[in-house]
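2 protein chains.
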Amino acid sequence: MPPEPLSGHAGDAPLFNRLCLIGVGLIGSSIARAARERGDIARTVVAHTRRPETLAKVRALGFADVVEEDPARAVEGADAVILCVPVGAYAGVMAQIAPHLAPGCILSDVGSTKGSVIRDLLPQLPPGVRLVPAHPMAGTEHSGPEAGFATLFEGRYCILTPVPNGDPAAVEKITALWRRCGSMVERMDAETHDKVVAIVSHLPHLIAFTICGTADDLAEETREAVLKFAASGFRDFTRIASSDVDMWRDIFLNNRDALLEMLARFTEDSHALARAVRYGQAEFIEDRIRRGRRIRRGLIERKQA
Amino acid sequence: MPPEPLSGHAGDAPLFNRLCLIGVGLIGSSIARAARERGDIARTVVAHTRRPETLAKVRALGFADVVEEDPARAVEGADAVILCVPVGAYAGVMAQIAPHLAPGCILSDVGSTKGSVIRDLLPQLPPGVRLVPAHPMAGTEHSGPEAGFATLFEGRYCILTPVPNGDPAAVEKITALWRRCGSMVERMDAETHDKVVAIVSHLPHLIAFTICGTADDLAEETREAVLKFAASGFRDFTRIASSDVDMWRDIFLNNRDALLEMLARFTEDSHALARAVRYGQAEFIEDRIRRGRRIRRGLIERKQA
Numbered sequence: 001m002p003p004e005p006l007s008g009h010a011g012d013a014p015l016f017n018r019l020c021l022i023g024v025g026l027i028g029s030s031i032a033r034a035a036r037e038r039g040d041i042a043r044t045v046v047a048h049t050r051r052p053e054t055l056a057k058v059r060a061l062g063f064a065d066v067v068e069e070d071p072a073r074a075v076e077g078a079d080a081v082i083l084c085v086p087v088g089a090y091a092g093v094m095a096q097i098a099p100h101l102a103p104g105c106i107l108s109d110v111g112s113t114k115g116s117v118i119r120d121l122l123p124q125l126p127p128g129v130r131l132v133p134a135h136p137m138a139g140t141e142h143s144g145p146e147a148g149f150a151t152l153f154e155g156r157y158c159i160l161t162p163v164p165n166g167d168p169a170a171v172e173k174i175t176a177l178w179r180r181c182g183s184m185v186e187r188m189d190a191e192t193h194d195k196v197v198a199i200v201s202h203l204p205h206l207i208a209f210t211i212c213g214t215a216d217d218l219a220e221e222t223r224e225a226v227l228k229f230a231a232s233g234f235r236d237f238t239r240i241a242s243s244d245v246d247m248w249r250d251i252f253l254n255n256r257d258a259l260l261e262m263l264a265r266f267t268e269d270s271h272a273l274a275r276a277v278r279y280g281q282a283e284f285i286e287d288r289i290r291r292g293r294r295i296r297r298g299l300i301e302r303k304q305a
Numbered sequence: 001m002p003p004e005p006l007s008g009h010a011g012d013a014p015l016f017n018r019l020c021l022i023g024v025g026l027i028g029s030s031i032a033r034a035a036r037e038r039g040d041i042a043r044t045v046v047a048h049t050r051r052p053e054t055l056a057k058v059r060a061l062g063f064a065d066v067v068e069e070d071p072a073r074a075v076e077g078a079d080a081v082i083l084c085v086p087v088g089a090y091a092g093v094m095a096q097i098a099p100h101l102a103p104g105c106i107l108s109d110v111g112s113t114k115g116s117v118i119r120d121l122l123p124q125l126p127p128g129v130r131l132v133p134a135h136p137m138a139g140t141e142h143s144g145p146e147a148g149f150a151t152l153f154e155g156r157y158c159i160l161t162p163v164p165n166g167d168p169a170a171v172e173k174i175t176a177l178w179r180r181c182g183s184m185v186e187r188m189d190a191e192t193h194d195k196v197v198a199i200v201s202h203l204p205h206l207i208a209f210t211i212c213g214t215a216d217d218l219a220e221e222t223r224e225a226v227l228k229f230a231a232s233g234f235r236d237f238t239r240i241a242s243s244d245v246d247m248w249r250d251i252f253l254n255n256r257d258a259l260l261e262m263l264a265r266f267t268e269d270s271h272a273l274a275r276a277v278r279y280g281q282a283e284f285i286e287d288r289i290r291r292g293r294r295i296r297r298g299l300i301e302r303k304q305a
């Protein structure tokens, strides 16, 4: 169940006057829809999208008050700007919008990697603009402006990774925004965040993409049977694998160190288990299976599964 | 949708006079329940279980006509015996029951590995007893006689791996049994079966057990956050990991060669992707993600996902 918002509910004054969303795919368009439904997030929602065909779609969907093709014009006069594009595009977008950000404006984002976000945004941050990196842990298998919905963030965690010497008031306002979207807001440093998501999300995706390729490389006859008999194990893996290409390419490239470290740890562990299988070490294998069940129980007790 | 049974429906003569199930956990007790509900599988269902506490439970659940503690007495006079214990127990069970199998009796099983089953059963097979290895691809996260239900096999594949020079009439009768349980029956050789299940089921389980341990080994602070923020990726992995310890230990040990080969292929592929991440090779990463999506689409088109 989503927690009661700490501050504000429908009827309260909007947190922002002019909220600009740079990119309105699944996440950006869901923020816009939540803002429109509640009325207490922003008086005006501005949506920027780069591609002409998306522009027309966003206008037709009608979840934004203003749809603006030019990123510089989109951010003009905004007191909050949220980057909702793949994390690999941040540096380029920032170069375009930085000169046009209003003094006092809060700049936030929704990226799944946070060290890279701080690396790409902080050096270009104009004086007086306040950076509050954020990562709403929500999503579906679908992408694009038509895939969003106002309740996407309800009951889900949103992790803020405040920058050193940042503005506490700006962190509070972004916290309030996510609480009004229905999220449970947590704070941690960017390095811890990147390690945690590397193991709970990025490594599972790397594994899922990989095992699909491994199956695809099998001899024709076996591959056909694989598709036919894909049991629950393989199905769960491929569910993960049906994800947005640009987003995941950028996540892998921008959480490189944590991801490679977690993969190295995982590979060592899988080799240890493989060695036990090769030499028939039943007790070692049983221990590994029991640990899996224990973690699973831990998740169930936290109502995450 | 399950296919129309090729032969027989409720009201038809039972396929067997006396069906003996060696082991009545999730799978064995589900066969017993299906037989009792339909009436056209066996006139009498005999259940054997080793542990005294399970014996009492099976008697109380009442899904078998006869509950027998002694395996030798359990198989006496049976025209069909199905092994429903972990595959690692087959050789020992066979040593106990082989002298007591009636001539003409069909011996089958439900194990997830088939090369090992033929290896362990064929040398001990008495003359006139007909072996038909089978693998119903059905299951849940739960185990034990209370976890079974009559519709467990409906719409699921059951793979038979007939032995060379086996009796075609025996294969037909086991085919009919599984069709009456609602399954779609396929046939292949044991070697192909073991490769296919190694990639669609055994490797995903090995990975799931491993990644839970990898997470569990992280520093205290990170581990706490992992449990808290386990996103969908990790949740799907741990769903797989909540499986029966004895069954999976035996599967790993008895499909060793195919499992280690598939793990080796997977490890090579994951290292290739890791290398692309390390050196920023965006196109290679995109290609791997796209392949995952393509396999996923293949599964959806086959209504397996």
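Chains X and U supply the protein sequences, listed in that same order. Start counting the first sequence at 1; every next residue gets the next number (UniProt numbering). Start counting the second sequence at 1; every next residue gets the next number (UniProt numbering). Glycine residues also receive a C-beta, built at the ideal position from the N, C-alpha and C atoms. All values reported here derive from a predicted model rather than from experimental measurement.
C-beta contact flag for residue i and residue j at 8 Å
{"i": "residue 48(X)", "j": "residue 71(X)", "result": "yes"}
{"i": "residue 255(U)", "j": "residue 116(U)", "result": "yes"}
{"i": "residue 159(U)", "j": "residue 141(U)", "result": "no"}
{"i": "residue 46(X)", "j": "residue 83(X)", "result": "no"}
{"i": "residue 131(X)", "j": "residue 166(X)", "result": "yes"}
{"i": "residue 22(X)", "j": "residue 108(X)", "result": "no"}
{"i": "residue 209(U)", "j": "residue 289(X)", "result": "yes"}
{"i": "residue 129(U)", "j": "residue 100(U)", "result": "no"}
{"i": "residue 306(U)", "j": "residue 274(U)", "result": "The question about residue 306(U) has no answer here: the residues shown for chain U are numbered 1 through 305."}
{"i": "residue 112(U)", "j": "residue 244(U)", "result": "no"}
{"i": "residue 214(X)", "j": "residue 293(U)", "result": "no"}
{"i": "residue 206(X)", "j": "residue 252(X)", "result": "yes"}
{"i": "residue 225(X)", "j": "residue 171(U)", "result": "no"}
{"i": "residue 89(X)", "j": "residue 106(X)", "result": "no"}
Assigned exposure category for residue i - 16 Cβ within 10 Å defines buried
{"i": "residue 169(X)", "result": "exposed"}
{"i": "residue 194(U)", "result": "buried"}
{"i": "residue 66(U)", "result": "exposed"}
{"i": "residue 217(U)", "result": "exposed"}
{"i": "residue 86(U)", "result": "buried"}
{"i": "residue 189(X)", "result": "exposed"}
{"i": "residue 271(X)", "result": "exposed"}
{"i": "residue 297(U)", "result": "exposed"}
{"i": "residue 278(U)", "result": "exposed"}
{"i": "residue 162(X)", "result": "buried"}
{"i": "residue 62(X)", "result": "exposed"}
{"i": "residue 156(X)", "result": "buried"}
{"i": "residue 301(U)", "result": "exposed"}
{"i": "residue 59(U)", "result": "exposed"}
{"i": "residue 92(X)", "result": "exposed"}
{"i": "residue 33(X)", "result": "buried"}
{"i": "residue 249(U)", "result": "buried"}
{"i": "residue 64(U)", "result": "buried"}
{"i": "residue 56(X)", "result": "exposed"}
{"i": "residue 95(U)", "result": "exposed"}
{"i": "residue 291(X)", "result": "buried"}
{"i": "residue 145(X)", "result": "buried"}
Residue i - containing alpha helix (DSSP H), residue span
{"i": "residue 109(X)", "result": "Unbroken run through residue 109(X) is the beta strand (DSSP E), 106 to 109; no alpha helix (DSSP H)."}
{"i": "residue 226(U)", "result": "220 to 229"}
{"i": "residue 260(X)", "result": "256 to 278"}
{"i": "residue 121(X)", "result": "115 to 121"}
{"i": "residue 37(X)", "result": "26 to 38"}
{"i": "residue 52(U)", "result": "52 to 61"}
{"i": "residue 92(X)", "result": "90 to 97"}
{"i": "residue 72(X)", "result": "71 to 75"}
N-terminal and C-terminal residue of the beta strand (DSSP E) that residue i is part of
{"i": "residue 44(U)", "result": "42 to 48"}
{"i": "residue 68(X)", "result": "66 to 68"}
{"i": "residue 80(U)", "result": "80 to 83"}
{"i": "residue 136(U)", "result": "134 to 136"}
{"i": "residue 21(U)", "result": "16 to 22"}
Continuous beta strand (DSSP E) assignments of at least 3 residues falling wholly in the stretch 152 to 232 of chain X | 157 to 160, 184 to 187
Check your understanding: When the Cβ atoms of the stretch 16 to 31 of chain X are set against those of the stretch 123 to 142 of chain X, are three or more pairs found closer than 8 Å?
Key -> yes
Could you tell me whether the stretch 30 to 38 of chain U touches the stretch 137 to 154 of chain U, where touching means 3 or more Cβ pairs closer than 8 Å? yes
May I ask you to verify whether the stretch 176 to 185 of chain X touches the stretch 206 to 221 of chain X, counting CB pairs closer than 8 Å and requiring at least 3?
no
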